[in-house]
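Those letters in the sequence shown? Residues 2 to 632, per our numbering, in order. Below is one structure, written out as structure tokens; the observations come after it.
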Amino acid sequence: MRTCLKVTLAALAAACSLAALAPAIGQDRPESLLPPGFGDTTPTPAPAPRRTPPSANPAQSQPNGSAPARSAPTTPSSGPTASPGAPVPAPPAGMATIQPLPAPDGSVAPLTTPAADTPPPIDPAVLAQYEMPASARRSLDRVGPIGPGEGGLAADAFGDADGPYLETLMRRLSAPLPSRWISILLRRALVSRVETPVGVNGADFAAERAWLLLRMGESVAARAVVQGVDTGNYTPKLYQVAMNAGLAAGDPGALCPLVEGAMQRAPARGWTMAQAMCAGLSGSPTQAGALITAARRRNVASGVDMLLAQKVVGAGGQGRQAVTIEWDSVDQLTSWRFGLAMATGVAVPDALYRTVGVQATYWRALSPAMTIADRLPAADAAAAQGVLSSAALVDLYAAAEADDSVQSAVAATVQDLRTAYADRNAEGRMTALRSIWGKAEDAWPSYARMVLTARAAARIPPANGERDADRMVAAMLSAGLDRTAARWRGTVAKGGDGWAMIALTDPDATGRLSYGDLAAYSGGRGDSALKQRLLFAGLAGLGRLSAGDIERAAQALAVPIGTENGWTRALDTAARAGQPGTVALLAATGMQTASWHGMPPEALYRIVAALRAVGLEGEARMIAAEAIARA
Numbered sequence: 002m003r004t005c006l007k008v009t010l011a012a013l014a015a016a017c018s019l020a021a022l023a024p025a026i027g028q029d030r031p032e033s034l035l036p037p038g039f040g041d042t043t044p045t046p047a048p049a050p051r052r053t054p055p056s057a058n059p060a061q062s063q064p065n066g067s068a069p070a071r072s073a074p075t076t077p078s079s080g081p082t083a084s085p086g087a088p089v090p091a092p093p094a095g096m097a098t099i100q101p102l103p104a105p106d107g108s109v110a111p112l113t114t115p116a117a118d119t120p121p122p123i124d125p126a127v128l129a130q131y132e133m134p135a136s137a138r139r140s141l142d143r144v145g146p147i148g149p150g151e152g153g154l155a156a157d158a159f160g161d162a163d164g165p166y167l168e169t170l171m172r173r174l175s176a177p178l179p180s181r182w183i184s185i186l187l188r189r190a191l192v193s194r195v196e197t198p199v200g201v202n203g204a205d206f207a208a209e210r211a212w213l214l215l216r217m218g219e220s221v222a223a224r225a226v227v228q229g230v231d232t233g234n235y236t237p238k239l240y241q242v243a244m245n246a247g248l249a250a251g252d253p254g255a256l257c258p259l260v261e262g263a264m265q266r267a268p269a270r271g272w273t274m275a276q277a278m279c280a281g282l283s284g285s286p287t288q289a290g291a292l293i294t295a296a297r298r299r300n301v302a303s304g305v306d307m308l309l310a311q312k313v314v315g316a317g318g319q320g321r322q323a324v325t326i327e328w329d330s331v332d333q334l335t336s337w338r339f340g341l342a343m344a345t346g347v348a349v350p351d352a353l354y355r356t357v358g359v360q361a362t363y364w365r366a367l368s369p370a371m372t373i374a375d376r377l378p379a380a381d382a383a384a385a386q387g388v389l390s391s392a393a394l395v396d397l398y399a400a401a402e403a404d405d406s407v408q409s410a411v412a413a414t415v416q417d418l419r420t421a422y423a424d425r426n427a428e429g430r431m432t433a434l435r436s437i438w439g440k441a442e443d444a445w446p447s448y449a450r451m452v453l454t455a456r457a458a459a460r461i462p463p464a465n466g467e468r469d470a471d472r473m474v475a476a477m478l479s480a481g482l483d484r485t486a487a488r489w490r491g492t493v494a495k496g497g498d499g500w501a502m503i504a505l506t507d508p509d510a511t512g513r514l515s516y517g518d519l520a521a522y523s524g525g526r527g528d529s530a531l532k533q534r535l536l537f538a539g540l541a542g543l544g545r546l547s548a549g550d551i552e553r554a555a556q557a558l559a560v561p562i563g564t565e566n567g568w569t570r571a572l573d574t575a576a577r578a579g580q581p582g583t584v585a586l587l588a589a590t591g592m593q594t595a596s597w598h599g600m601p602p603e604a605l606y607r608i609v610a611a612l613r614a615v616g617l618e619g620e621a622r623m624i625a626a627e628a629i630a631r632a
């Protein structure tokens, strides 16, 4: 099975030139994550109009290709409310929900630039009429960077689901999630070029998607989603999220096309500073210097926040400023500080990364501005989460081979990895894999090391890896190599972990397993009792057990797969309606737990069955196998 992450990053590469980091934390509303003195406020939200189908609204779909009528903008609120009759499901009973971390406190009243400092801004919507031909304008009826041909879901992935209901699910979802494969699927759904659901503005719906992607650690994908909306269609909410996305990607240049519109429609101190930085980046140091001076005079920013902005100005064409950044007095990392530090090559102390959520680790892994030595520890975590593909992680380690700054332990891993992939002797490759995984053969290696060695494991003949068959299968499946793993069916011990994972993932399996086959599973390494129940849930959800055996095993293992609640009813409804995007979002809602050890087997059963029902069986199989490898 092809890893969705690889497809997605490849499709986004052309639109996303730089990647980095920003603590997009806070689940109730897309708060600004800028430091003190950089907050923003917005006008009172206007009711979101319901989207009229293009065939019924000539203003939304002009035969001559003219610009679509723009919906009334909406703004961030304390959280959208689901429409009556569409209750927002809570996670399954017994699941510990991850509590959102507080965002850095820094909201202040908006500050607009006085007319004496700069000329009045031009309405971007008016300017767009002259700069962009009608044929090039993008409709808000369908937003997203990738289509089905690039690995995305179909345009109708959310079907006729209510827009405010979907936004509420996104807003309340605690991320990141414990599963690599559910994270990959959710990212795929959020970046797909999908139709805007009924009841929401297309730009606001894009903002909600990007905000969730930021909380997942997907800075590159989040920036691509916000850039999929024409600047003339931006709403205050999208301006707010776009600033966080640009900073999360370490790309202050991404703010420049938005500055004039944001200053007029969503004024904030951060945009005042962005105006100065963009002047410097465009090769106008004199204008940038005047704007910086005016901002300092009005106390828009100070300390390290002002110095970082000055450093960005100096990095532009004809910039001559030499600015030294000292972190001694800084006790909190923010998106402003990290994003501008990444853009200018300033190293951030490790202690500051501990002041933000784990999302920061994944954004750090995506930052090409950092040294290889600094990226590798974060890259391991990002690969285990699904933010980086197996191929991308291998490429990063390969780049470390020529980097003298990496530690000796990393250099040894790089050498072992080269041997594992390239040695002519299969036993030599196997020895290198064992070295990368660790000496304890009776324990699972870290999941990141499985992802790193997935394709190296695939090159080992089963006869040479029999002693490590369970770990070999787990490594291959971490990258979705299901058919390659299935070749080990005759090598793994029946009733072991490798056997269980192949039973779940073999794409060519035709028959069903018996109750005796299921009972023979010992539970392998880790929490054997939980893994027995998870295997049952996965096999039942995939339809690989008969109805009688499902009922018998459910009673024997005490897995209440028939339990119903608001979440199960919502998931079943979305599956029956054929809405893969809604199912992916609800499946993620059902996985809000700190680790696989907190995953209720009955919830896994529902998730796997729903994904299979909407044509996402490949993802369902990988999720079920991941449960065995990580529980």
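All C-beta atoms in this analysis are idealised placements derived from N, C-alpha and C, irrespective of residue type, glycine included. Please read these numbers as outputs of a predicted model, since none were measured by experiment.
Can you pull the DSSP bridge partners for residue i?
i	result
V452	According to DSSP, which records beta bridges pairwise, V452 is partnered with nothing at all.
S193	I147
D163	V199
L514	L546
Please check the pair residue i and residue j, which I expect to be a contact at CB under 8 Å, by giving their CB distance rounded to whole angstroms.
i	j	result
A433	A421	4 Å
S220	W364	5 Å
A621	L543	6 Å
L558	R534	5 Å
A630	M502	7 Å
P237	A267	4 Å
A380	G218	At roughly 12 Å, the Cβ-Cβ gap does not stay under 8 Å, so A380 and G218 are not in contact.
So for residue i, helix, strand or coil by DSSP?
i	result
I147	strand
E209	helix
A403	coil
A68	Annotation note: pLDDT 35 at A68 (below 50); position unreliable, coordinate value reported separately. In the structure shown, A68 sits in coil (DSSP, three-state: anything other than H, G, I, E or B).
D231	coil
V199	strand
L178	coil
T420	helix
V415	helix
V324	coil
Y522	coil
V331	coil
L256	helix
K495	coil
K440	coil
V313	helix
R299	coil
D609	Going by the sequence as given, residue 609 is Val instead of Asp. Residue state, collapsed to three classes: helix.
A628	helix
D507	coil
A486	helix
G563	coil
S596	coil
T114	Caution is warranted here: a pLDDT of 30 is assigned to T114, below 50, making its placement in the model unreliable, and the coordinate value is therefore given only provisionally. It is coil, neither helix nor strand.
M371	coil
Output needed for residue i: all residues of its chain with C-beta closer than 6 Å, excluding positions within five of it in sequence on either side, in chain order.
i	result
L531	A632
M171	E209 and L213
L187	A585 and A589
G453	Residue identity check: residue 453 is Leu in the sequence provided, not Gly. Cβ within range, chain order: L394.
D471	G497, D498 and G499
E402	V415
G247	A255 and L256
Among the candidates the options, whose CA atom is the shortest distance from the CA of residue i?
i	options	result
G496	Y516, A480 and G481	Y516
D222	V199, L543 and A250	One detail in the question is off: residue 222 reads as Ala in this sequence, not Asp. Answer by Cα proximity: A250.
G466	G439, Y235, M431 and P446	M431
S136	D231, G549 and E327	D231
V347	V359, S330, A370 and V331	A370
A323	A310, E428 and D483	A310
P378	D507, D405 and A410	A410
I373	S390, D404 and T345	D404
Given residue i, which residues of its chain have a CB within under 7 Å of its CB, disregarding the five upstream and five downstream residues?
i	result
A156	R143, R194, V195 and E196
G579	G160 and V615
I183	A588, A589, M592 and I624
R553	Y516
If you measure from the CB of residue i, is any heavy atom of the ligand SAM nearer than 7 Å?
i	result
S523	Looking for the ligand SAM in the displayed structure turns up nothing, as the structure carries no ligands at all.
Taking 8 Å as the limit between beta carbons, can you name the residues of its chain near residue i, skipping five residues before and five after?
i	result
R376	R365, A366, S368 and L397
R613	G542, L543, G544 and A621
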